[in-house]
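Residue numbers (our numbering): 284 to 428.
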C-alpha cells in the first residue's frame, strides 16, 4: 500500500468524525519520537489519539489490527504524552487511544464501480479518485497506557 492511500484513509476518516460532531485537533502530528495519525475531541470532550490503518479487503493482518503491536502502542502513547506536554490545555481532559480500521476498494474502471462492498455491512466513508473507502471497525479505548 502506498503512503498516499494511507493518508487518504486518514482524511476520509477525519471527515467521518467531523460528521459525527467531533473536532479534529491535529492530523499527522509529528515530533522527534513519532507521529500521531489523528487527534480529535469527541462531543463529550474526550481527547482521542487515533491510529488509522488503511488496507485492502484481502489484507492478511486483520485489516491492519495486527500492525498495532505492543511496541507500536508504546510509541503512540509516548508521542501522545509529548503532544499533551506541548498543548497542556488538553492534558486536563480525559484521553484515550482509539484505532480505526479502514478498507479501500479500487474502482479503476466503470465495471468496478458497481462492485459489492468488500465486506457486507461496512459503512461507506467516501470516494477519492479511483478508490472507495469503508469503515471496517472503530475500536474505542483500543489500548491503555
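Note that CB positions come from ideal geometry on N, CA and C, so glycine has one too.
Nothing here was measured: the structure is a model prediction, and the numbers come from that model.
- The same chain holds no residue with a CB closer than 7 Å to that of residue 369 once the five nearest residues on each side in sequence are set aside.
- Annotation: residue 303 to residue 410 spans about 18 Å, alpha carbon to alpha carbon.
- The alpha-carbon of residue 353 is positioned some 16 Å away from that of residue 332.
- Rounded to the nearest whole angstrom, the CA to CA distance from residue 339 to residue 324 is 28 Å.
- The three-state reading of DSSP puts residue 337 in strand, counting E and B together.
- For residue 306, the enclosing beta strand (DSSP E) has its first and last residue at 306-313.
- Per the coordinates, the alpha-carbon of residue 295 lies some 7 Å from the alpha-carbon of residue 416.
- Residue 420 places its beta carbon 8 Å or farther from that of residue 380.
- Judged by DSSP secondary structure, residue 384 falls within the beta strand (DSSP E) whose first and last residues are 378-389.
- If you draw a straight line from the Cα of residue 364 to the Cα of residue 391, it is about 41 Å long.
- In this chain, the alpha helix (DSSP H) harbouring residue 369 covers 353-369.
- Secondary-structure assignment with DSSP links residue 292 through no beta bridge to anything.
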